[in-house]
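K.L.:
Next up is a structure, given as structure tokens.
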Amino acid sequence: MLKIRNNILFSFKHSADLKKCALLRHASTGVGVWNDNLTTEHKHEIEFYWRDKIHKIDESSNSKDKFYVLSMFPYPSGSLHMGHVRVYTISDSIARFYRMQGKNVIHPMGWDAFGLPAENAAKENKVDPAFWTKENIKAMRQQLADLGCTFDTHREFATCDPEYYRWTQELFIKLFENGLLYQKETFVNWDPVDKTVLADEQIDENGRSWRSGAQVEKKLLKQWFVKTTAFAQSLLEGLKDKTLKEWKDIIKMQEHWIGDCSGTNIEFPIISDEPGYPSSLTLWTDHPEFIEEAKFVAISNNNILSKVERSDSWDPNRKLKATVINPFTNEKLPIFVTEKEKLPYPAFRDDYLGIPRISEANVSFCKSAKIKYESPIIYSAAEIQEKKAEILRIAKERNIGGHLVGSKLRDWLISRQRYWGTPIPIVHCEKCGPQPVPRDQLPVELPTPKTPKKEVSLKNALHWMKTTCPECNGPATRETDTMDTFVDSSWYFMRYIDPKNTEEMFSKELASRYLPVDLYIGGKEHATLHLYYARFISHFLYSLGMLPTREPFKQLLVQGMVMGQSYSTRDGKYLKADQVTTNAAGTLVEKSSKEPVVTAWEKMSKSKYNGVSPSKMFSQYSTDTIRLLILADVAPTSNRNWSEDTFPGILNWQRKLYQMITEFIAERSFLNPEELDAPPIDDPKFQADEALMFDARNYYVHGVTFNIVGSQQLSIAISKMLGLTNDLKRAAKPCIALGREYERALAAQIIMLAPLAPHFASELWAGFCKAPHRLVNDGEFDWDKDVLQQRWPEVDMEYKLKLNVKMNGKEFLKLRVRRRDLETMDGDDILRIVAEEEKFKRYLEGRKVTRVFYNAKRSAGAEIQITAKKNVTAVSQEKIV
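Start counting the sequence shown at 1; every next residue gets the next number (UniProt numbering).
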């Protein structure tokens, strides 16, 4: 076949083909080169044509039910990686799906813009971190557009914008005013490479920084802490909230992180003439009711306090030249360095409060250390509970602890000794102590570095540091630490709902309308730290009456990583793919050395030479093809091995879809108007094909919808769409030309594809709409609008859905009931249908139904759970809609 693309001129063997070609040319829209081979170049043309047309959003949708889709916002590194492609393709596809279901979708995007990477990169490139960050944001914003993602652009912000971090500073002040922020001198984790403090959670099991890889040191510094332990019990109870969906093992991870909240932390002042000790020590006990009877403190040899005083030899009961003060008795308690095996240390701790009453080991230790203690007074259970409540109350009043918490959990260390972060809004006055900056002086902006070629530090910004005390108006200095970037990301999803508000963090009315987040999508690596901090801030602001719910995220979709195939030698040296070959025995070897090579699927990394450039993939295969590839084959929650072996299936599917529209246009173009009104309804084959199309459309619409909404298995949704494609391909030409149900099924196919591959589906729909239709006046589709503005297809009322019957907790029957009937039936109606079944009649002999639980899932089918027992009469019925 000879083809000239620009003139769309074809040569066919027969004159009928020439007539068909002319009709196809007139039917074309968009790029509209129908009957052409679907090449990558053609797909690029399609995407270029539709790229600015697929982002239409109905803004007049305040009356609709909202659906807030949130993807974890990225750090602006300057380029997307395949992990970004996966998470934002998932979120964009789901956001488009809910828009097509008529929801008022919130789908924002912003930038987690502060932090060490930008500061270090700016230093290396001798530029201002602000300039570096903004340039990277521009680049990544364009890449997200190239990916075809539609975000709410009017909600966009970066955490380094003063208009944003002014409200992060407001959050800090709220915490400060509510007694949840304090500054304390303590030993902290110091990264000698990045020259900043790290939280315990930012260090790996080998004691190395999670970012720089440096061996972490201990350093005595005065730092700011958020008292997250005050909400530990609330955070633990929140995990039982029945509104949480698909949290799965994340709940267990959070529970493990928080602990069982069986004890409390109490702050004990330290007194010593020896240099190097912090001002206090936080001790945990699960017997606060007996804290007045405490007689000693023990620390293990791993505790940093044991290293303050140098010791040339190991003494199993070494006594330090320091004491702690029991805040309830003012008694001095000695501190011993001893082996953990000698005392019942709490889990995850290397310090211990010795109370003789609660342990025989404590009594033995007191005797061996010659510590005097009194015989314990006997209390009733009620008296013990009363004493416990009193101790907790006093501790809270004095702000020295008293909140129920597990032994593992620590308060959140948020001080960072770096420039590129949110300034802490505190001024230090010798007379008044630390004072919050007045709200009318916020934001406290970062000073612009004068010499970006050198390392920047707020301590060097002497003019910026000098200020006045808001309390006494005397001289004061600004706090020179900045906040941990986790503070910025702990509340960003709240700001998205009201990003232009200049009077408050966000409107309480808008928070009630749009929060909580309905679906949160992100990596499992953030399932403890970020999620914990975000939940804490949500619980805190809920306690102030600012939020409608404690829990910020209803449903989680924790996506797996995109893995690349790596090659390495036995000594661990990584190789590029072109450095590897296969020898005569079929074994992978290094080309140069002929040494065997180990291959594995690992997280993509430049150092492992297994990364894949998204831009290269877009160029080689087209954007929508990559979107489909990243979603297909593997569930979103599983790791995705990126291999070209999986590509042919998606490429063939796109070709099939394109050919189907080409054929549909051709067959419909030959029809006379009168033929559209008088299909051969008496033809059995035609009727059978139409019945198959009716069943296929409903079966796959039902399945695809469930796999997007219910199981979150987008990969299975794609496989079901492939099933619909195969059924459509089997249809005979009369059905294609005259079939009402074929037309509906083909329309459903394109509409369901649209959220996943918006450019490609838009082109398919444009061709589909130009062919003559029998349903143009039926109102099922809006032929004047693009595919992304169509309503998501629904299961027909006459289609029979599954009714799953469980008897005494076990699968019993599977019936089929019309959707129309399921819409109106209650438990009694369903029970009457089940009662007609012979299997049910036989089972019920000698038994009575005692409970009926009816779960009406509407278009997804229904389930009835029946409990039947012998010799009973009571019946209980429940229905959940």
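Each residue gets a CB set at the ideal place from its N, CA and C atoms; glycine is no exception. Please read all numbers here as calculations on a predicted model, not as lab measurements.
I'd like to know whether the C-beta atoms of proline 755 and phenylalanine 151 end up nearer to each other than 8 Å.
P.N.:
Your numbering for residue 755 matches position 755 in the sequence shown. Your numbering for residue 151 matches position 151 in the sequence shown. No, the pair does not count as a contact, with Cβ atoms beyond the cut-off.
K.L.:
Cα separation between alanine 584 and lysine 594?
P.N.:
Along the sequence shown, read from residue 1 onward, the residue named residue 584 stands at position 584. Along the sequence shown, read from residue 1 onward, the residue named residue 594 stands at position 594. The alpha-carbon atoms of alanine 584 and lysine 594 are separated by roughly 11 Å.
K.L.:
Assuming contact is defined by CB atoms lying nearer than 8 Å, are asparagine 707 and aspartate 796 in contact in what I supplied?
P.N.:
Residue mapping note: residue 707 aligns to position 707 of the sequence shown, counting from 1. Residue mapping note: residue 796 aligns to position 796 of the sequence shown, counting from 1. Cβ distance not < 8 Å, so asparagine 707 and aspartate 796 don't count as in contact.
K.L.:
Helix, strand or coil: which one does DSSP assign to phenylalanine 157?
P.N.:
Within the sequence shown, the letter at position 157 stands for residue 157. Coil at phenylalanine 157, not helix or strand.
K.L.:
Take threonine 329 as the anchor and find which of Gly846, Phe686, Phe268 and Lys56 has the nearest alpha-carbon.
P.N.:
Here residue 329 corresponds to residue number 329 of the sequence shown, with the count starting at 1. If we check each option's Cα against that of threonine 329, Phe268 comes out closest.
K.L.:
Would you check if the stretch 81-99 and the stretch 554-566 touch, i.e. whether three or more CB-CB distances between them fall below 8 Å?
P.N.:
The answer is yes - the stretch 81-99 touches the stretch 554-566, with three or more Cβ pairs under 8 Å.
K.L.:
Buried or exposed: which applies to leucine 462, given that a residue is buried once 16 or more other Cβ atoms fall within 10 Å of its Cβ?
P.N.:
Position 462 of the sequence shown, counting from 1, holds the residue named residue 462. The residue in question, leucine 462, is exposed, as its Cβ has fewer than 16 Cβ neighbours within 10 Å.
K.L.:
If the criterion is Cβ atoms closer than 8 Å, does the pair leucine 220 and phenylalanine 176 meet it?
P.N.:
Taking the sequence shown and counting its residues from 1, the one referred to as residue 220 is at position 220. Taking the sequence shown and counting its residues from 1, the one referred to as residue 176 is at position 176. No, they are not a contact pair.
K.L.:
Answer with buried or exposed for glutamate 41, where buried requires no fewer than 16 other C-beta atoms within 10 angstroms of its C-beta.
P.N.:
Taking the sequence shown and counting its residues from 1, one reaches residue 41 at position 41. Exposed, because fewer than 16 other Cβ atoms sit within 10 Å of the Cβ of glutamate 41.
K.L.:
What residue does the beta strand (DSSP E) around isoleucine 57 start on, and which one ends it?
P.N.:
As a working mapping, residue 57 is identified with position 57 in the sequence shown. Here isoleucine 57 belongs to no beta strand (DSSP E), and DSSP marks it neither H nor E.
K.L.:
Is glycine 523 a contact residue of the ligand FMN, with contact defined as CB to any heavy atom under 7 Å?
P.N.:
Among the components of this structure there are no ligands whatsoever, and the ligand FMN is therefore not found.
K.L.:
What does the Cβ neighbour count give for phenylalanine 290, buried or exposed, with the cut at 16 atoms within 10 Å?
P.N.:
Here residue 290 refers to the residue found at position 290 when the sequence shown is read from its first residue. Per the 10 Å Cβ criterion, buried.
K.L.:
What do you get for proline 443, buried or exposed, if any count of 16 or more other CB atoms within 10 angstroms of its CB means buried?
P.N.:
Taking the sequence shown and counting its residues from 1, the one referred to as residue 443 is at position 443. Classification of proline 443: buried, given that the 10 Å Cβ count is 16 or more.
K.L.:
Could you check the C-alpha separation between alanine 361 and glutamine 385 for me, to the nearest Å?
P.N.:
To locate residue 361, count along the sequence shown from 1; it is residue 361. To locate residue 385, count along the sequence shown from 1; it is residue 385. Those two C-alpha atoms are separated by around 24 Å.
K.L.:
What does DSSP give as the partner residues of asparagine 523 in its beta bridges?
P.N.:
Numbered from its first residue, the sequence shown carries residue 523 at position 523. A quick correction: the sequence has glycine, not asparagine, at residue 523. Answer is Gln559.
K.L.:
Buried or exposed for tryptophan 783, going by 16 or more other Cβ atoms inside 10 Å?
P.N.:
The count along the sequence shown starts at 1 and reaches residue 783 at position 783. Classification for tryptophan 783: exposed.
K.L.:
Can you give the Cα-Cα distance for glutamine 865 and alanine 696, rounded to whole angstroms?
P.N.:
As a working note, residue 865 is residue 865 in the sequence shown. As a working note, residue 696 is residue 696 in the sequence shown. So the alpha carbons of these two residues sit roughly 29 Å apart.
K.L.:
Closest by CA to asparagine 473, which one among Leu722, Gly522 and Cys432?
P.N.:
Residue 473 sits at position 473 when you count from the first residue of the sequence shown. Measuring from the Cα of asparagine 473, the nearest candidate turns out to be Cys432.
K.L.:
For lysine 332, list the residues DSSP reports as bridge partners.
P.N.:
As a first step, residue 332 must be located in the sequence shown, where it is residue number 332. Answer is Ile325, bridged to lysine 332.
K.L.:
Distance check for glutamine 223 and isoleucine 414, CA to CA, integer angstroms please.
P.N.:
Against the sequence shown, residue 414 aligns to sequence position 414. Against the sequence shown, residue 223 aligns to sequence position 223. Going from the Cα of isoleucine 414 to the Cα of glutamine 223 covers about 8 Å.
K.L.:
Taking the alpha carbon of histidine 107 as the point to measure from, which residue in Thr569, Tyr496, Lys685 and Phe840 has its own alpha carbon closest?
P.N.:
As a working mapping, residue 107 is identified with position 107 in the sequence shown. Residue Tyr496 is the option with its Cα nearest to histidine 107.
K.L.:
What separation, rounded to the nearest whole angstrom, lies between the Cα atoms of arginine 211 and serine 615?
P.N.:
Looking up residue 211 in the sequence shown gives position 211. Looking up residue 615 in the sequence shown gives position 615. Their backbone Cα atoms lie some 26 Å apart in a straight line.
K.L.:
Measuring only the C-alpha atoms, how far is alanine 737 from arginine 791?
P.N.:
On the sequence shown, position 737 is the one that residue 737 refers to. On the sequence shown, position 791 is the one that residue 791 refers to. Rounded to the nearest angstrom, the two C-alpha atoms are 24 Å apart.
K.L.:
Within 10 Å of its beta-carbon, does lysine 770 have 16 or more other beta-carbons around it, so buried, or fewer, so exposed?
P.N.:
One-based indexing of the sequence shown puts residue 770 at position 770. Label assigned to lysine 770: buried.
K.L.:
Hey, would you say valine 427 sits closer than 8 Å to alanine 476, going by beta carbons?
P.N.:
The residue given as residue 427 occupies position 427 in the sequence shown. The residue given as residue 476 occupies position 476 in the sequence shown. Taking 8 Å as the Cβ cut-off, valine 427 and alanine 476 qualify as a contacting pair.
K.L.:
Rounded to a whole number of angstroms, what is the C-alpha to C-alpha distance between asparagine 206 and proline 192?
P.N.:
Within the sequence shown, residue 206 is the residue found at index 206, counting from 1. Within the sequence shown, residue 192 is the residue found at index 192, counting from 1. C-alpha separation (whole angstroms): 16 Å.
K.L.:
Report buried or exposed for histidine 26, applying the criterion of at least 16 other Cβ atoms within 10 angstroms of its Cβ.
P.N.:
As a working note, residue 26 is residue 26 in the sequence shown. Confidence in histidine 26 is poor, its pLDDT being 39 and thus under 50, which makes the residue's placement unreliable; the coordinate value appears in the next sentence. Exposed is the call here.
K.L.:
Determine the direct distance from the alpha carbon of tryptophan 491 to that of phenylalanine 853, and round the result to whole angstroms.
P.N.:
For this step, residue 853 is matched to residue 853 along the sequence shown. For this step, residue 491 is matched to residue 491 along the sequence shown. So the alpha carbons of these two residues sit roughly 40 Å apart.
K.L.:
Is it a yes or a no for the stretch 602-620 touching the stretch 566-578, going by three-plus beta-carbon pairs under 8 Å?
P.N.:
The stretch 602-620 vs the stretch 566-578: in contact.
K.L.:
Mind checking whether valine 597 and valine 589 have CB atoms under 8 Å apart?
P.N.:
The count along the sequence shown starts at 1 and reaches residue 597 at position 597. The count along the sequence shown starts at 1 and reaches residue 589 at position 589. Yes, the pair counts as a contact, with Cβ atoms nearer than the cut-off.
K.L.:
Take glutamate 47 and list the residues in its own chain whose beta-carbon comes closer than 7 Å to its own, dropping the five residues that flank it on each side.
P.N.:
Sequence index remark: in the sequence shown, residue 47 carries index 47 (1-based). Closer than 7 Å at Cβ, skipping near neighbours: Ser622, Thr623, Asp624 and His759.
K.L.:
Give the DSSP-derived three-state secondary structure of asparagine 639 in the structure shown.
P.N.:
Residue mapping note: residue 639 aligns to position 639 of the sequence shown, counting from 1. The answer is coil: DSSP assigns asparagine 639 none of H, G, I, E or B.
K.L.:
Isoleucine 173 and proline 425 - do their beta-carbons sit closer together than 8 Å?
P.N.:
What you label residue 425 is simply residue 425 of the sequence shown in a count that begins at 1. What you label residue 173 is simply residue 173 of the sequence shown in a count that begins at 1. Against a cut-off of 8 Å, the Cβ pair of isoleucine 173 and proline 425 comes out as a contact.
K.L.:
Please confirm whether methionine 109 has its beta-carbon closer than 8 Å to some beta-carbon of chain C.
P.N.:
The structure shown contains no chain C; it holds only a single protein chain.
K.L.:
Kindly list the residues whose CB is nearer than 8 Å to the CB of aspartate 350, restricted to its own chain and excluding five residues on each side of it in sequence; keep chain order.
P.N.:
Mapped onto the sequence shown, residue 350 falls at position 350. The answer, listed in chain order, is Ile299, Ser300, Asn302, Asn303 and Lys340.
K.L.:
Express the C-alpha separation of histidine 154 and valine 105 in angstroms, rounding to a whole number.
P.N.:
Position 105 of the sequence shown, counted from the first residue, corresponds to residue 105. Position 154 of the sequence shown, counted from the first residue, corresponds to residue 154. Approximately 14 Å between the Cα atoms of the pair.
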